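Working notes for the structure below.
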Amino acid sequence: MKTLVGLLLFLATATVSFGQADETSLTRDMVFDRTALKNLRFPPKAFRQEKSVRIYMRFTLTPKGEYQDVAIVNSNPIDDSFTEEFNRLRLYLPKQDPKYAGRYVAPIAFLFGDHSPDKLAPISNETDTIVEKKGYKLLEELPMISYVLCEKRTDYGLSLLSPRPAHIFDAAIKQPAQLTQKR
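Here is the structure:
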């Protein structure tokens, strides 16, 4: 009898579990994350206000891997500078693998840090929710961290140095010879 019980316990623990099938998910593919983090910029206006905000981006991926119905779906209005940054990001979203077709909501946290990423300002719209969740898969949050590296000393005290606009960096990368000749 002991042998039979022992054999049954062994077989019960040795069988393969068929709990949940491994579903295809955009959360396991890093293309979306890398593209978003590479192309997102912390809005200078929010940077000067030392503001941290979370936006919820809703989108649908078609069977062809294209983005449709891309929108911000926060339940409360957000600062215009974040809306402008979101609209700029939409231009850079790459075509996805058709196996990811579906409806998604991606939370993006713009986090402001005080001289280091260890001292982050609390998210100002922490209680904000998603307007419509039904039928959409919630992805993992993408953190966009920005912090002050140095301060500018003036007669009036210290002031934060805000990040330079992205188009200056883009111009320096595309045409370095022309920029150095003008000086």
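At position 177 of the sequence shown (counting the first as 1) the number is 192 in the numbering used here, and the numbers step up by one without a gap.
Even glycine gets a Cβ: it sits at the ideal position worked out from N, Cα and C.
These figures come from a predicted structure and were not determined experimentally.
Just to check my reading of the structure: residue i and residue j have Cβ atoms closer than 8 Å, yes? What is that Cβ distance to the nearest angstrom?
| i | j | result |
| --- | --- | --- |
| T75 | R118 | 5 Å |
| Y82 | V120 | In fact, because the Cβ distance is near 13 Å, the residues do not count as touching under 8 Å. |
| V88 | I145 | 5 Å |
Out of curiosity, what's the CA-to-CA distance linking residue i and residue j?
| i | j | result |
| --- | --- | --- |
| T18 | K79 | 57 Å |
| M159 | D143 | 18 Å |
| I123 | P59 | 17 Å |
| A186 | N54 | Interpretation of A186 is limited by its pLDDT of 39, a score under 50 that renders its predicted location unreliable; the figure taken from the coordinates is listed afterwards. So the alpha carbons of these two residues sit roughly 15 Å apart. |
| D133 | K66 | 15 Å |
| E156 | Q64 | 23 Å |
| I93 | K149 | 22 Å |
| N140 | F125 | 11 Å |
| M72 | L104 | 11 Å |
Starting from residue i and walking both ways along the alpha helix (DSSP H), at which residues does that stretch end?
| i | result |
| --- | --- |
| D143 | Where D143 is concerned, there is no enclosing alpha helix (DSSP H), given that its DSSP letter is neither H nor E. |
| L104 | 95 to 105 |
Of the residues the options, which one's Cα is nearest the Cα of residue i?
| i | options | result |
| --- | --- | --- |
| S96 | V68, V85, P122 | V68 |
| D48 | L126, N140, L108, E141 | L108 |
| I56 | E156, G128, E100 | Per the sequence presented here, residue 56 reads as Arg, with Ile not at that position. The candidate whose alpha carbon is nearest that of R56 is E100. |
| S161 | P137, Q64, I123, G128 | G128 |
| Y115 | M72, L154, A136, N140 | L154 |
| I106 | V85, P92, P122, L126 | Correcting the residue type first, residue 106 is Leu in the shown sequence and not Ile. Looking at the Cα atoms, V85 is the closest of the given residues. |
| N102 | M45, L157, A51 | A51 |
| I200 | K134, M45, K148, N91 | Nothing can be reported for residue 200: it is not among the residues displayed for the chain, which extend from 16 to 198. |
| A136 | A61, R73, L104 | A61 |
| M45 | L104, D112, R73, T98 | D112 |
Ends of the beta strand (DSSP E) at residue i?
| i | result |
| --- | --- |
| L135 | Looking at the DSSP string, L135 is not in any beta strand (DSSP E), and its letter there is neither H nor E. |
| G128 | 117 to 128 |
| Q83 | 82 to 87 |
Output the residue ranges of the beta strand (DSSP E) runs that lie fully inside the region 51 to 79 and measure 3 residues or longer, sorted by chain position. 68 to 76
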